[in-house]
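Numbering (our numbering), first residue to last: 6 to 233.
We treat Cβ as the ideally placed atom computed from N, Cα and C, and that holds for glycine.
None of the values given here were measured: they were computed from a predicted structure.
Okay, so here's the structure we're looking at.
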Amino acid sequence: MPFSSNTGSRPRSSSPSWSGSTGPGDVSMPDQLGNRSTIYGWIFKRTPSHSRVLDVGCGDGDLLSRLAEQREVEATGIEISQECVIRAVQRGLSVHHGNAEEGLCNYPDRSFDLVILSLAVQELEHPRNVLRECLRVGRRVIVVFPAFGHWKARWQLAFQGRAPVTPSFPHAWHDSPNRHYLTVKDWERFCEEEGWRVLEKGFVEGGKAVRLWPNLRAEAALYLLEGR
Numbered sequence: 006m007p008f009s010s011n012t013g014s015r016p017r018s019s020s021p022s023w024s025g026s027t028g029p030g031d032v033s034m035p036d037q038l039g040n041r042s043t044i045y046g047w048i049f050k051r052t053p054s055h056s057r058v059l060d061v062g063c064g065d066g067d068l069l070s071r072l073a074e075q076r077e078v079e080a081t082g083i084e085i086s087q088e089c090v091i092r093a094v095q096r097g098l099s100v101h102h103g104n105a106e107e108g109l110c111n112y113p114d115r116s117f118d119l120v121i122l123s124l125a126v127q128e129l130e131h132p133r134n135v136l137r138e139c140l141r142v143g144r145r146v147i148v149v150f151p152a153f154g155h156w157k158a159r160w161q162l163a164f165q166g167r168a169p170v171t172p173s174f175p176h177a178w179h180d181s182p183n184r185h186y187l188t189v190k191d192w193e194r195f196c197e198e199e200g201w202r203v204l205e206k207g208f209v210e211g212g213k214a215v216r217l218w219p220n221l222r223a224e225a226a227l228y229l230l231e232g233r
């Protein structure tokens, strides 16, 4: 497995199976991080076949449709963009138009085997509340976020004195959808404070796994969590 992981991940004895898959293979799509295919592969390997999956901020449903086809999951999405919802529905997906800050309250506890929050947590107004809701409605949660501690961001801030513009943060400060800028260390301290269990974690840069100094070298961080 090309990512660092904890030994705490344990399979459930009943269906669905938490065994890994071979991933989505070649993934061609717009990719602001340069890591999208690697991120998708990581998520695929941690998605149980025939499971109930909720993708929060699912966009046009690209990831969900691949999971439905290749992992045969029961796929549901939440997306705030009406245009993206229309495209996702055209793919045959069940996607609800709504805000993640409010939409999760309609789901009962443990409605899903897996909730995915990919490249969205940094845009949320109240990420703590949304993450708590994700862990309430899902047995496990995958969180992916762009890592602000990457050396390119540090360099621009320290030596150029300007808000960083990097592959993982491609927008100028006045045009960015991001509300929060977090590092790997920030995230892990946050999980510890909340009492969430990190089952596995991975880090990528330029489409490749990062093993050493992830807080400095990772462009994106990926975590598989369980609640208290």
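N-terminal and C-terminal residue of the beta strand (DSSP E) that residue i is part of
{"i": "residue 226", "result": "225-231"}
{"i": "residue 60", "result": "57-61"}
{"i": "residue 82", "result": "79-84"}
In DSSP terms, what residue i is bridged to
{"i": "residue 1", "result": "In this structure the chain extends from 6 to 233, so residue 1 is not present and cannot be described."}
{"i": "residue 100", "result": "82"}
{"i": "residue 195", "result": "None; residue 195 has no bridge partner."}
{"i": "residue 94", "result": "Note: residue 94 sits in no beta bridge, so no partner."}
First through last residue of the alpha helix (DSSP H) which encompasses residue i
{"i": "residue 42", "result": "41-50"}
{"i": "residue 210", "result": "Unbroken run through residue 210 is the beta strand (DSSP E), 202-210; no alpha helix (DSSP H)."}
{"i": "residue 69", "result": "67-75"}
For residue j and residue i, the rounded distance between their alpha carbons
{"i": "residue 132", "j": "residue 80", "result": "23 Å"}
{"i": "residue 167", "j": "residue 226", "result": "23 Å"}
{"i": "residue 52", "j": "residue 95", "result": "23 Å"}
{"i": "residue 156", "j": "residue 199", "result": "28 Å"}
{"i": "residue 105", "j": "residue 154", "result": "26 Å"}
{"i": "residue 178", "j": "residue 97", "result": "36 Å"}
{"i": "residue 233", "j": "residue 122", "result": "18 Å"}
{"i": "residue 147", "j": "residue 229", "result": "5 Å"}
{"i": "residue 143", "j": "residue 64", "result": "20 Å"}
Distance between beta carbons of residue j and residue i, contact taken as under 8 Å
{"i": "residue 118", "j": "residue 215", "result": "Incorrect: roughly 28 Å between the Cβ atoms, too far for contact."}
{"i": "residue 189", "j": "residue 152", "result": "6 Å"}
{"i": "residue 42", "j": "residue 212", "result": "7 Å"}
{"i": "residue 128", "j": "residue 182", "result": "5 Å"}
{"i": "residue 93", "j": "residue 108", "result": "Wrong, their Cβ atoms sit about 14 Å apart, outside the cutoff."}
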